[in-house]
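See below for the structure under consideration.
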Amino acid sequence: MFEEAQYFAPISTRDDGSVLVELSADHPGVADPTYRERRNAIAALAIGYVPGDPIPVAEYTAQEHDVWALVSRELAIKHQKYAPVEYLNAVQRLGLPKDHIPQLEEVSNLLAPLTGFRYLPAAGLVPLRDFYGVLADGYFYSTQYIRHHSVPFYTPEPDVIHEVIGHANALASDRYAALYRLAGQAARRVKSDEALEFISKVFWFTLEFGVIAERDELKAYGAGILSSYGEIEEFRGMDIRPLDLAAMGTTQYDITKYQDVLFRAESLDHLEDVVGDFWAHCDDDSIARLSSSK
154 MFEEAQYFAP
164 ISTRDDGSVL
174 VELSADHPGV
184 ADPTYRERRN
194 AIAALAIGYV
204 PGDPIPVAEY
214 TAQEHDVWAL
224 VSRELAIKHQ
234 KYAPVEYLNA
244 VQRLGLPKDH
254 IPQLEEVSNL
264 LAPLTGFRYL
274 PAAGLVPLRD
284 FYGVLADGYF
294 YSTQYIRHHS
304 VPFYTPEPDV
314 IHEVIGHANA
324 LASDRYAALY
334 RLAGQAARRV
344 KSDEALEFIS
354 KVFWFTLEFG
364 VIAERDELKA
374 YGAGILSSYG
384 EIEEFRGMDI
394 RPLDLAAMGT
404 TQYDITKYQD
414 VLFRAESLDH
424 LEDVVGDFWA
434 HCDDDSIARL
444 SSSK
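Numbering (this note's numbering) for the sequence shown: 154 to 447.
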């Protein structure tokens, strides 16, 4: 329901140097001063982060840890039905805590020995070229805040549940992690904004909202579906189309609702052959040809 690196609450710096996260009028936490203050403090941690240092600790309340435990438990049940074997194996391999929100440094220390990936803190918006580019080096930008406790199964923006339960579990798989790296290499290779947007859309329709055939069933491997309590129950009823680079790179979508157009890989081999090979070799010219073919 949101696009990585684009759908975030705006952040500004006050005259006194303090950080303000500007929640929308309909945000579940907008009328909660304690939550808002914590959001400001967590954003400030990321803004002040120095690459190479340990990621600063975000302070969470017992109520927020309870939200993580609840959503983690419920999603795990749904994953057994809707997630592919590769993702489920990666979940076991990574071993995220179920009773508390892990710090990003904790997630990095679990991931790094497996696939070399580490997390970087993001206050909010990260420019597309930066967000995708660092994937090539084995880094993933992530928010640290968690959704408001009043609506544990909903978030209007990518929170730590999406970033970690959705993405970190995928990044614990050697095969998925390799695709993330290839996407990063492609983002660094291209020069035009149009080509970068094409690459980001392919990422959106695969590693964020991709579906895959497995044992005569449709499974979801995209982090956006696997981290959404509601969307994971609905994706099989959407408009499922064959994996198609030109279509994925040019299809428009609405980030504020469940995705009604999804693209199906016939297997993980198929995903790697089509999307992995595209990211490994694409350039501005080849993307321009694909764009013009639709």
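All C-beta atoms in this analysis are idealised placements derived from N, C-alpha and C, irrespective of residue type, glycine included.
Report buried or exposed for residue i, applying the criterion of at least 16 other Cβ atoms within 10 angstroms of its Cβ.
i           : result
residue 157 : Bear in mind that the predicted position of residue 157 carries a pLDDT of just 38, short of 50, making it unreliable; the figure below should be weighed with that in mind. Under this definition residue 157 is a buried residue.
residue 434 : exposed
residue 409 : exposed
residue 374 : buried
residue 165 : exposed
residue 196 : buried
residue 190 : exposed
residue 280 : exposed
residue 442 : exposed
residue 413 : exposed
residue 212 : exposed
residue 148 : A question about residue 148 goes unanswered here, because the residues of the chain that appear run from 154 up to 447.
residue 292 : buried
By DSSP, does residue i sit in helix, in strand, or in coil?
i           : result
residue 370 : strand
residue 272 : strand
residue 432 : helix
residue 155 : Below a pLDDT of 50, predicted positions are generally treated as unreliable, and residue 155, at 36, falls in that range; no measurement from the model is reported.
residue 332 : helix
residue 278 : coil
residue 229 : helix
residue 418 : strand
residue 165 : strand
residue 148 : This structure does not reach residue 148, given that the chain is present from 154 up to 447, and the question cannot be answered.
residue 314 : helix
residue 224 : helix
residue 364 : strand
residue 303 : coil
residue 326 : coil
residue 266 : helix
residue 380 : coil
residue 408 : coil
residue 359 : helix
residue 413 : coil
residue 205 : coil
Which residues bound the alpha helix (DSSP H) around residue i?
i           : result
residue 293 : Element bounds for residue 293: not the alpha helix (DSSP H) but the beta strand (DSSP E), 292-295.
residue 187 : 186-200
residue 438 : 437-445
residue 252 : Segment: none, residue 252 is in no alpha helix (DSSP H) and carries neither H nor E.
residue 173 : Segment 172-174 is the beta strand (DSSP E) holding residue 173; no alpha helix (DSSP H) there.
residue 399 : 398-403
residue 240 : 238-247
residue 352 : 346-356
residue 178 : That residue, residue 178, is in no alpha helix (DSSP H); it is neither H nor E in DSSP.
residue 211 : Neither: residue 211 is in no alpha helix (DSSP H) and is coded neither H nor E.
Using C-beta distances below 7 Å, list every residue in its chain close to residue i, excluding the 5 sequence neighbours before and after it, in chain order.
i           : result
residue 385 : 231, 235, 373, 378 and 379
residue 265 : 271
residue 200 : 172 and 276
residue 226 : 251
residue 320 : 293 and 376
residue 269 : 291
Shorter than 7 Å, the distance from the beta carbon of residue i to the closest heavy atom of the ligand ATP, or not?
i           : result
residue 208 : The ligand content of the structure shown is nil, which means the ligand ATP is not present either.
Could you name the residues of the same chain whose beta carbon sits closer than 6 Å to that of residue i, not counting the 5 residues immediately before and after it, in chain order?
i           : result
residue 261 : 271 and 272
residue 315 : 380
residue 300 : 308 and 312
residue 326 : 239 and 243
residue 363 : 374 and 375
If you drop the 5 nearest sequence neighbours on each side, which residues of the same chain put their C-beta closer than 8 Å to that of residue i?
i           : result
residue 249 : 225, 255, 260, 263, 317, 318, 321 and 322
residue 391 : 411, 412, 413, 414 and 415
Determine contact between the stretch 334-343 and the stretch 283-293, defined as no fewer than three beta-carbon pairs at a distance below 8 Å.
A contact exists between the stretch 334-343 and the stretch 283-293.
Given 8 Å, three or more beta-carbon pairs between the stretch 193-209 and the stretch 337-348:
no
Tell me whether the stretch 398-412 and the stretch 425-444 touch, counting them as touching only if at least three CB pairs, one residue from each stretch, are closer than 8 Å.
Using a Cβ-Cβ distance cut-off of 8 Å, the stretch 398-412 and the stretch 425-444 are in contact, since at least three pairs of beta carbons, one from each stretch, lie closer than that value.
Given 8 Å as the limit, is there contact between the stretch 166-186 and the stretch 215-226, that is, 3 or more CB pairs closer than that?
no
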